[in-house]
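Chemist: I have a structure here, written as structure tokens, and I will follow up with some questions on it.
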Ligand SMILES: Cc1ncc(COP(=O)(O)O)c(C=O)c1O
């Protein structure tokens, strides 16, 4: 079930593979973060990169979230979802001049600048427009998020942000510029962080830096602490939103500055499942079994990209004897494996499986490899549900080609 709707009913109506999300769980997880920080001035800017389907973005806006956009496309999505420019922060390591101009023209709340070169480009573009852009400096604190290397962003060997020492100098220089107003500091050390220490250290680093800047005459008005709070993919205990706030608030209170948070995964990951149908069940010579399903790396890249683990469960648990199986997709890639050595009741072709905790970095990373069309997405609310993105057709795909 998703809330009060049987997954099998949605799959029967919409086909598979299919993403299904729970509106109630998204709302509960958003509110848990917002409530945990209630005692301190804060704004929760949902990281659209985790899942930017309009229906999800609109839901978060209706709950009071702001948006964190990572591209011109995500800014467009935020606007179409009803966010106003003052509710959008713009991050990203390779913002093009066109994207920067878009953000400056709109007057977004803050552009989180990633380098000296980018500051120069923002300054020039803003001066050409006779305006001043609100900018936060993204700091690279050289802190290890202790997450997967592909989603750690806070080490000096990672491409993100400006080294601590350089930030001081750039803040002084650009606070005197005509096109840039330095209003904040930004930090994001990684994603799927389940040990709060790196987040504490990161917060401490920018609180100290903010004080130094203030002493040097650069007055900023906020600290953006990024996202990164992890979720439990395997059922083990992870920090809650309350633990997260309890770790960060004592540190940021010292600064007296308001904070921005950019959570993505923590809000939407557990609220989504990828529903897939078994196509074939093949015995292997070693006794293991391949369960071939109709979803693969084109629908959920995370297992292949990060060796990510997702629980995979039968939608109808009343199957056959327990087997040990590799759950594999239909793509012409050996790495197209959703789960290895999984124990589950022997399914039959046609049975449904649910890949759990797939609400973040799932549908947004879907691709058309092997000319596969993107899956449909459904948002469940209590006993009702709606298609928030219809399944792509081969005609949609070929419409772009001559
Ligand atoms: C700058 C920034 N903010 C927020 C996020 C969201 O992270 P998460 O989904 O882990 O909360 C990311 C993701 O990597 C990011 O790069």
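In the working numbering, the protein residues as written are 11 to 412.
Just so you know, even glycine gets a beta-carbon here, dropped at the ideal spot from N, CA and C.
(1) Is residue 320 near ligand 1, in the sense that its beta carbon is under 8 Å from a heavy atom of that ligand?
(2) State the start and end residues of the unbroken alpha helix (DSSP H) segment that holds residue 234.
(3) Secondary structure at residue 322, three-state DSSP: helix, strand or coil?
(4) For ligand 1, I want to know if residue 101 counts as a neighbour, meaning its beta carbon is within less than 8 Å of at least one of the ligand's heavy atoms.
(5) Measure the C-alpha to C-alpha separation of residue 331 and residue 356 and round it to an integer number of angstroms.
(6) Tell me whether residue 97 counts as near ligand 1, meaning its Cβ is closer than 8 Å to at least one heavy atom of that ligand.
(7) Output the distance between the C-alpha atoms of residue 32 and residue 361, rounded to the nearest integer angstrom.
(8) Confirm the yes/no value for this check: CB of residue 272, any heavy atom of ligand 1, distance under 8 Å.
(9) Would you call the CB atoms of residue 271 and residue 237 closer than 9 Å?
(10) Would the region 62-70 and the region 305-322 be scored as touching if the rule is three or more Cβ pairs under 8 Å?
(11) Compute every distance between the C-beta of residue 312 and the non-hydrogen atoms of ligand 1, then say whether any falls below 8 Å.
(12) Bridge partners for residue 386 per DSSP, in chain order?
(13) Any heavy atom of ligand 1 inside 8 Å of the beta-carbon of residue 52?
(14) Could you check if residue 80 is buried or exposed, using at least 16 other CB atoms within 10 Å of its CB as the buried criterion?
(15) Any chance you could list the alpha helix (DSSP H) runs of at least 4 consecutive residues sitting entirely within the region 296-371, in chain order?
(16) Verify the CB distance criterion: does residue 88 have a CB-CB separation below 9 Å to chain C?
(17) Starting from residue 209, trace the alpha helix (DSSP H) in both directions and tell me its first and last residue.
(18) Is any non-hydrogen atom of ligand 1 found closer than 8 Å to the C-beta of residue 39, if you look at the structure I gave you?
(19) What three-state label does DSSP hand residue 146 in the structure shown?
(20) Tell me the DSSP secondary structure of residue 292 in three-state form.
(21) According to DSSP, is residue 374 part of a helix, a strand, or is it coil?
(22) So residue 79 is in the beta strand (DSSP E); what residue range does that whole segment cover?
(23) Do the region 188-196 and the region 156-169 meet, that is, are 3 or more Cβ pairs less than 8 Å apart?
(24) According to the Cβ coordinates, are residue 43 and residue 254 closer than 9 Å?
(25) If you measure from the CB of residue 31, is any heavy atom of ligand 1 nearer than 8 Å?
(26) Using the Cβ count rule (16 or more neighbours within 10 Å means buried), how would you classify residue 381?
(27) Hey, would you say the C-beta of residue 477 is under 8 Å away from at least one heavy atom of ligand 1?
(28) In three-state terms, what does DSSP make of residue 170?
(29) Pick from 78, 108, 27 and 21: whose alpha carbon is nearest that of residue 94?
(30) Is any heavy atom in ligand 1 found nearer than 8 Å to the beta carbon of residue 276?
(31) Which value, in whole angstroms, describes the spacing of the CA atoms of residue 324 and residue 371?
(32) Closest to residue 316 by C-alpha separation, out of 396, 149, 347 and 289, would be which residue?
(33) For ligand 1, I want to know if residue 240 counts as a neighbour, meaning its beta carbon is within less than 8 Å of at least one of the ligand's heavy atoms.
(34) If you check the beta carbons only, do residue 201 and residue 155 fall under 9 Å apart?
(35) Would you mind stating whether residue 119 and residue 76 have Cβ atoms separated by less than 9 Å?
(36) Let me know if residue 412 comes out buried or exposed under the rule of 16 or more other beta-carbons within 10 Å of its beta-carbon.
Modeler: Taking the definition as stated:
(1) no
(2) First-last for residue 234: 232-234, but that is the beta strand (DSSP E), not the alpha helix (DSSP H).
(3) strand
(4) yes
(5) 6 Å
(6) Checking every heavy atom of ligand 1 against the Cβ of residue 97, none is found closer than 8 Å.
(7) 22 Å
(8) yes
(9) yes
(10) no
(11) no
(12) 28
(13) No.
(14) buried
(15) 312-316
(16) Judged by its chain identifiers, the structure shown contains no chain C, having just a single protein chain.
(17) It spans 207-225 - the alpha helix (DSSP H) in which residue 209 sits, taken as one unbroken run.
(18) no
(19) strand
(20) strand
(21) helix
(22) 76-79 is the extent of the beta strand (DSSP E) around residue 79.
(23) They do not touch, by the three-pair rule.
(24) yes
(25) no
(26) exposed
(27) In the structure as shown, the chain starts at 11 and stops at 412, and residue 477 therefore has no counterpart that could be examined.
(28) coil
(29) 78
(30) yes
(31) Take the alpha-carbon of residue 324 and the one of residue 371: they are about 22 Å apart.
(32) 347
(33) yes
(34) yes
(35) yes
(36) Exposed.
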